[in-house]
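Engineer: My structure is below; once you've seen it, I'll send some questions.
Numbering (our numbering), first residue to last: 210 to 763.
Shown next, in the form of structure tokens:
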């Protein structure tokens, strides 16, 4: 093992000497930075040289020390005579390890040529340039270097002011990326806009063609046709409208069509029109329109909404079909039904009376087979009498003469009586009652009995397998609902929409039933005259529940 050159005491003394020298060096550097020293000595190849600043003062040095840019002073050999703390921080070195070394130490190879050109030019004139600096970790920092000469007592020195461009370069790079992205986006937007313009032109052309086709079609159908916006304003009429009304477009556009409607029909028309606009349901109403000669003719109005892909209504398309002739034929038919019903009622009443006399004849014994025939004849006459009564009611409804007195009615008692009668008429069916006691309404007991018997008759007709029928009352918010539920064939969606129409009958291959299909139509008019509501709830194959609702009284 090699023998130590120094003893422990010698090493200790040498360490103390080095610490003293370091302390003096630090004191000297601090004196330079704080402006307490106006000159410094740098050891060179030719011995020590003294450097002083001609305009050195404390304020200037403090300013240099506090600035955000790095400040460096070089001699002709590129040795750093002075630097501020900011430059030392940029190079990630202590200040004492920066002063006295060659500045080229911090120049990476990639910037050597540019740096040499900049320094060479800087000795003759003020100049600026961008270079890269490298710290001890070899991290590169872009800097803007400003070169200017300083006159020292011992000669000219070169002053460098170095501005860190890291954040600026990052911002420039981000801006460049954003600009490139913006250019891409602009190109894409321009392409999309061009495609959109082509699509708009194509769609506009298609729309113009479609509109011309629509006008051609609308002007060549016998019905009056219109379109209206989602808010209700009419924006198109076909030629038949102007031919019929004799009006110009401006007179009936928007909401101007109201002046053409018969005053007695306007309220009902407006109610259904506004309701359709709110709900989006199809619009349908019968009303009278004034013709150019100031006469009125009946029309059936229908309108359906046209929707976009999102289900929003774009506009409505409506037609008005002249039904004046059909109305007159219907009136004549109703008049005939009324007359015929009256004519049939008298002989039916007489025939029923004669059969009752035969049944009660006591002088001679009536043969059993004759009694059987009489019973069958009585059943047929009762059925025929019900049909005649229905025809009379229909004729009265059409004439607006279905009138009857209203009184206080004990509803549970009336329903109990109806159930009792139904059990005698339909002994094979099972009737259940779920009634709330003490319910009173204002109505006509005879007509309400007619409604419930119509419900029961329908339940019996269409529930031949499951013969269970339930009559029930429910109360909600001062309104009583009376319902008749069966478990028969039920109704389809299409049948639900038509079941209360006049002469409508449910057709089913398994159940062939008799009747004119007027019972529910008459029931609807009766409940409407009671200011109530009538309806049905059903599902095909699972039975049906017919009901009406009336206001309760104390």
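For glycine and all other residues, C-beta sits at the position ideal for the given N, C-alpha and C.
Bear in mind that the values here come from a model prediction, so they are computed numbers and not experimental data.
I need the straight-line Cα distance from residue 495 to residue 537, nearest angstrom please.
Structural biologist: Translated into the one-based positions of the chain shown, residue 495 becomes position 286. Translated into the one-based positions of the chain shown, residue 537 becomes position 328. Each residue's alpha carbon lies about 14 Å from the other.
Engineer: Can you pull the DSSP bridge partners for residue 640?
Structural biologist: Working through the chain shown from its first residue, we reach residue 640 at position 431. Paired residue(s): 678.
Engineer: Using DSSP bridges, identify the partner residues of residue 507.
Structural biologist: As a position in the chain shown, residue 507 is number 298, starting the count at 1. Per the DSSP secondary-structure output, residue 507 pairs in a beta bridge with 497.
Engineer: What would DSSP say about residue 471, mapped onto helix, strand or coil?
Structural biologist: On the chain shown, position 262 is the one that residue 471 refers to. Reduced to three states, the DSSP call for residue 471 is coil.
Engineer: Please list, in chain order, all residues of the same chain as residue 746 whose beta carbon is under 6 Å from its beta carbon, the five residues on each side excluded.
Structural biologist: As a first step, residue 746 is located in the chain shown; it is residue number 537 there, counting from the start. Here the set comprises 754.
Engineer: Just list the alpha helix (DSSP H) runs in the stretch 425 to 458, keeping only unbroken ones of 4 residues or longer that don't cross its boundaries, in chain order.
Structural biologist: Secondary structure remark: continuous alpha helix (DSSP H) runs of at least 4 residues inside the stretch 425 to 458, in chain order: 448 to 454.
Engineer: Skipping 5 residues on each side, what residues in its chain have a beta carbon closer than 8 Å to that of residue 751?
Structural biologist: Counting from one through the chain shown, the residue named residue 751 turns up at place 542. Closer than 8 Å at the Cβ level, and outside the excluded window around residue 751, lie 696, 699.
Engineer: Determine the burial state of residue 286: buried for a count of at least 16 other Cβ atoms within 10 Å of its Cβ, exposed for fewer.
Structural biologist: Taking the chain shown and counting its residues from 1, the one referred to as residue 286 is at position 77. Exposed, since its Cβ has fewer than 16 Cβ neighbours within 10 Å.
Engineer: Drop a sphere of 10 angstroms on the beta-carbon of residue 582, count the other beta-carbons inside from all chains shown, and report buried for 16 or more, exposed for fewer.
Structural biologist: Looking up residue 582 in the chain shown gives position 373. Under this definition residue 582 is an exposed residue.
Engineer: How is the beta strand (DSSP E) around residue 529 delimited, first residue to last?
Structural biologist: As a working mapping, residue 529 is identified with position 320 in the chain shown. Counting along the chain, the beta strand (DSSP E) containing residue 529 begins and ends at 522 to 531.
Engineer: So, do the stretch 386 to 393 and the stretch 301 to 314 have three or more beta carbon pairs nearer to each other than 8 Å?
Structural biologist: no
Engineer: Between residue 393 and residue 374, what straight-line distance do the alpha-carbon atoms span, to the nearest angstrom?
Structural biologist: Sequence index remark: in the chain shown, residue 393 carries index 184 (1-based). Sequence index remark: in the chain shown, residue 374 carries index 165 (1-based). Looking at the backbone, the Cα of residue 393 and that of residue 374 are separated by about 28 Å.
Engineer: With the cut-off set at 8 Å, would you say residue 624 and residue 680 are in Cβ contact?
Structural biologist: The residue labelled residue 624 in the question sits at position 415 within the chain shown. The residue labelled residue 680 in the question sits at position 471 within the chain shown. Yes, the Cβ-Cβ distance between residue 624 and residue 680 is below 8 Å.
Engineer: With residue 445 and residue 435 assumed to form a contact (beta carbons below 8 Å), what rounded beta-carbon distance in angstroms separates them?
Structural biologist: As a working mapping, residue 445 is identified with position 236 in the chain shown. As a working mapping, residue 435 is identified with position 226 in the chain shown. Rounded, the Cβ-Cβ distance is 6 Å, consistent with contact.
Engineer: Opposite residue 273 in the DSSP bridges: which residues?
Structural biologist: Taking the chain shown and counting its residues from 1, the one referred to as residue 273 is at position 64. Answer is none; residue 273 lacks a bridge partner.
Engineer: Going by C-alpha distance, which of 330, 318, 284 is nearest residue 311?
Structural biologist: Taking the first residue of the chain shown as 1, we reach residue 311 at position 102. For the residues 330, 318, 284, the minimum Cα distance to residue 311 belongs to 284.
Engineer: Starting from residue 756 and walking both ways along the beta strand (DSSP E), at which residues does that stretch end?
Structural biologist: By one-based count along the chain shown, residue 756 stands at place 547. Unbroken beta strand (DSSP E) run through residue 756: 753 to 762.
Engineer: Locate the alpha helix (DSSP H) running through residue 710, then write down its first and last residues.
Structural biologist: As a first step, residue 710 must be located in the chain shown, where it is residue number 501. Where residue 710 is concerned, there is no enclosing alpha helix (DSSP H), given that its DSSP letter is neither H nor E.
Engineer: I need the straight-line Cα distance from residue 460 to residue 532, nearest angstrom please.
Structural biologist: Taking the first residue of the chain shown as 1, we reach residue 460 at position 251. Taking the first residue of the chain shown as 1, we reach residue 532 at position 323. Residue 460 and residue 532: Cα-Cα distance of roughly 25 Å.
Engineer: Name the two residues that bound the continuous beta strand (DSSP E) containing residue 289.
Structural biologist: Locating residue 289 in the chain shown gives position 80, where the first residue counts as 1. Run containing residue 289: 289 to 292, per the beta strand (DSSP E) assignment.
Engineer: Throw me the rounded Cβ distance for the residue 530 and residue 509 pair, which I believe falls under 8 Å.
Structural biologist: Here the question's residue 530 lines up with position 321 in the chain shown. Here the question's residue 509 lines up with position 300 in the chain shown. Contact flag correct, Cβ pair sits at about 5 Å.
Engineer: Evaluate contact between the stretch 396 to 410 and the stretch 486 to 494, counting only Cβ atoms and requiring at least three cross-stretch pairs below 8 Å.
Structural biologist: Contact fails between the stretch 396 to 410 and the stretch 486 to 494, because fewer than three Cβ pairs, one in each stretch, are under 8 Å apart.
Engineer: From what residue to what residue does the beta strand (DSSP E) around residue 746 run?
Structural biologist: As a working mapping, residue 746 is identified with position 537 in the chain shown. Start and end: 742 to 747.
Engineer: I need the boundaries of the beta strand (DSSP E) containing residue 351, first residue and last residue.
Structural biologist: For the purposes of this step, residue 351 is identified with residue 142 of the chain shown, where counting begins at 1. 349 to 361 is the span of the beta strand (DSSP E), which, as asked, contains residue 351.
Engineer: Please report how far the alpha carbon of residue 734 lies from the alpha carbon of residue 470, in whole angstroms.
Structural biologist: Locating residue 734 in the chain shown gives position 525, where the first residue counts as 1. Locating residue 470 in the chain shown gives position 261, where the first residue counts as 1. Rounded to the nearest angstrom, the two C-alpha atoms are 25 Å apart.
Engineer: So, helix, strand or coil for residue 412, using DSSP?
Structural biologist: Here the question's residue 412 lines up with position 203 in the chain shown. Of the three classes helix, strand and coil, the one that applies to residue 412 here is helix, per DSSP.
Engineer: DSSP has residue 654 in a bridge; who is on the other side?
Structural biologist: Here residue 654 refers to the residue found at position 445 when the chain shown is read from its first residue. Secondary-structure assignment with DSSP links residue 654 through no beta bridge to anything.
Engineer: Are the CB atoms of residue 688 and residue 812 within a distance shorter than 8 Å?
Structural biologist: In the structure displayed, the chain extends from 210 to 763; residue 812 sits before or after that span and is not available.
Engineer: Can you give me the start and stop residues for the beta strand (DSSP E) that residue 692 sits inside?
Structural biologist: Stepping through the chain shown from its first residue, residue 692 is reached at position 483. 688 to 695 is the span of the beta strand (DSSP E), which, as asked, contains residue 692.
Engineer: So is residue 718 buried or exposed if we call it buried at 16+ other beta carbons inside 10 Å?
Structural biologist: For the purposes of this step, residue 718 is taken as residue 509 along the chain shown, with counting starting at 1. At residue 718, the pLDDT of 49 sits below 50, so the modelled position is not reliable; the number obtained from the coordinates is stated separately. It is exposed - the Cβ of residue 718 has fewer than 16 other Cβ atoms within 10 Å.
Engineer: My understanding is that residue 622 touches residue 665, with C-beta atoms under 8 Å, so please give their C-beta distance in whole angstroms.
Structural biologist: Position 413 of the chain shown, counting from 1, holds the residue named residue 622. Position 456 of the chain shown, counting from 1, holds the residue named residue 665. Contact flag wrong, Cβ pair sits at about 17 Å.
Engineer: Using the C-alpha atoms, what's the distance from residue 282 back to residue 360?
Structural biologist: For the purposes of this step, residue 360 is taken as the residue at position 151 of the chain shown. For the purposes of this step, residue 282 is taken as the residue at position 73 of the chain shown. A direct Cα-to-Cα measurement between residue 360 and residue 282 gives close to 11 Å.
Engineer: Is the beta carbon of residue 343 closer than 8 Å to that of residue 349?
Structural biologist: Taking the first residue of the chain shown as position 1, residue 349 is located at position 140. Taking the first residue of the chain shown as position 1, residue 343 is located at position 134. Cβ atoms of residue 349 and residue 343: closer than 8 Å.
Engineer: Mapping DSSP to helix, strand and coil, what is residue 369?
Structural biologist: Taking the first residue of the chain shown as 1, we reach residue 369 at position 160. Note: residue 369 maps to strand in three-state DSSP.
Engineer: Can you check which of these residues, 707, 648, 428, is closest to residue 690 by C-alpha distance?
Structural biologist: Numbered from 1 along the chain shown, position 481 holds the residue referred to as residue 690. The residue with the shortest Cα to Cα distance from residue 690 is 648.
Engineer: Please classify residue 633 as buried or exposed, where buried requires at least 16 other C-beta atoms within 10 Å of its C-beta.
Structural biologist: Along the chain shown, read from residue 1 onward, the residue named residue 633 stands at position 424. Residue 633 should be labelled exposed.
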